[in-house]
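Worksheet: the structure to be examined is printed underneath.
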Amino acid sequence: MKLTKTLIALALAGAAFGAQAHRAWMVPSSSLVEAKEPWVTVDAAISEGLFDIDHVPLKLDGIFVLAPDGARVPLENASTGRLRSTFDVKMAKPGTYKIALVSQNVTASWKVNGEVKRWRGSEEAFAKEVPANADELKTTRTNARLETFVSANSTDEAVFKPTGTGLELVPVTHPNDMRAGEKATWRFLLDGKPAANLGFSLVPGGVRYRGTLGEIRQNTDAKGEITFTIPAAGMYMVNASWPAAAPAVAGQAPQMPARRVTYAATVEVLPQ
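Take the sequence shown: its letters are residues -21 to -1, 1 to 251, numbered as in mature numbering (1 follows the signal peptide of the UniProt record, and there is no 0).
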């Protein structure tokens, strides 16, 4: 359980897309459902290969579904197996639904008689379990958001109303209305304000079959916006994090910022 929680925290904290990185993701069976009684099934896992079921399931605790009218929708037929979790979402009302997992954690390190102690947990647990006067206490507070979006019979933008906390996607081009070969524009906000010069990564699934990452990397402009051309249809993973990682210094441990904010989402690009 401790290992799984650590992997979730690392994945949601925006682990780099290296060969050995583990990532958390949620993939819906379809992003746009046109049916009389629309449903979607969602796979959720933490994996080494993007969208591959090869490591551990993503725990369903904390995942919520937001309907177009702002109401919470329950997870139906939820199940957690050895390598993945699954659940269904009944979309009783037309429009766009947000499926999200939002976490806020504290990572701390300090010394006791010269030995480094490390801790990770919630803000409430931090206040109870970590000595306030600990020797050489260092902390990093992480706000992480993992999302995907599905629409029933039509799209709307009500679920994209920002909360004003952390990194958030407020799309100009709706993520359920993207086509291969067409340009899309998205806006990122940091604590409700434009996230200027934010690094953005878009990686298509199927890496194990391509042999190359196929990553699109750009930075947002002064308005927090980014425009990109989508090369091919398929499922994609969006990643962004703030602040940018500090340059590595030989012989020194990586410098962690006092606050780290990350965003990740799965979106589907349809054929033309």
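Backbone N, C-alpha and C fix where the C-beta goes; we use that ideal spot for every residue, glycine too.
Strand pairing of residue i, partner residues [DSSP]
{"i": "Gln83", "result": "Asn122"}
{"i": "Gln197", "result": "Phe179"}
{"i": "Arg158", "result": "Leu249"}
{"i": "Tyr76", "result": "Val129"}
{"i": "Glu115", "result": "In DSSP, Glu115 forms no bridge with anything."}
{"i": "Phe43", "result": "Ala79"}
{"i": "residue 301", "result": "With the chain running from -21 to 251 in the structure shown, residue 301 is simply not present."}
{"i": "Gly100", "result": "Val85"}
Outcome for residue i when other beta-carbon atoms lying within 10 angstroms are tallied against a minimum of 16
{"i": "Lys172", "result": "exposed"}
{"i": "Thr191", "result": "exposed"}
{"i": "Val182", "result": "buried"}
{"i": "Thr75", "result": "buried"}
{"i": "Asn176", "result": "exposed"}
{"i": "Ile122", "result": "Just to set this straight, residue 122 is Asn in the shown sequence, not Ile. By the neighbour-count rule (16 or more Cβ atoms within 10 Å), Asn122 is buried."}
{"i": "Thr199", "result": "buried"}
{"i": "Ala244", "result": "buried"}
{"i": "Tyr215", "result": "buried"}
{"i": "Pro250", "result": "exposed"}
Short Cβ contact (8 Å threshold) for residue i with residue j
{"i": "Gly184", "j": "Phe66", "result": "no"}
{"i": "Ile42", "j": "Leu80", "result": "yes"}
{"i": "Ile209", "j": "Gln197", "result": "no"}
{"i": "Glu161", "j": "Ser180", "result": "no"}
{"i": "Val248", "j": "Met157", "result": "yes"}
Backbone secondary structure at residue i - three-state DSSP
{"i": "Phe167", "result": "strand"}
{"i": "Lys38", "result": "coil"}
{"i": "Phe66", "result": "strand"}
{"i": "Ala(-3)", "result": "Caution is warranted here: a pLDDT of 39 is assigned to Ala(-3), below 50, making its placement in the model unreliable, and no coordinate value can be reported."}
{"i": "Glu147", "result": "strand"}
{"i": "Phe105", "result": "helix"}
{"i": "Ala137", "result": "helix"}
{"i": "residue 259", "result": "In this structure the chain extends from -21 to 251, so residue 259 is not present and cannot be described."}
{"i": "Ile209", "result": "coil"}
Own chain residues within Cβ distance below 8 Å of residue i, not counting five before or after
{"i": "Ser101", "result": "Gln83, Asn84, Val85"}
{"i": "Lys72", "result": "Ala46, Pro47, Asp48, Ala131"}
{"i": "Leu39", "result": "Ala23, Leu54, Ala57, Thr59, Ser64, Phe66"}
Residues near residue i by beta carbon distance below 7 Å, same chain, minus five either side
{"i": "Leu146", "result": "Arg124, Phe167, Leu169, Ala174, Ala219, Trp221, Val240, Thr241, Tyr242"}
Sequence-distant residues of its chain with Cβ nearer than 6 Å to residue i (five each side left out)
{"i": "Arg238", "result": "Arg120"}
{"i": "Thr(-18)", "result": "Residue confidence for Thr(-18) is low, a pLDDT of 45 falling below 50, so the modelled location carries little weight; the figure read from the coordinates is stated next. Excluding residues within five positions, the ones whose Cβ falls inside 6 Å are Val35."}
{"i": "Pro154", "result": "Phe128, Val246"}
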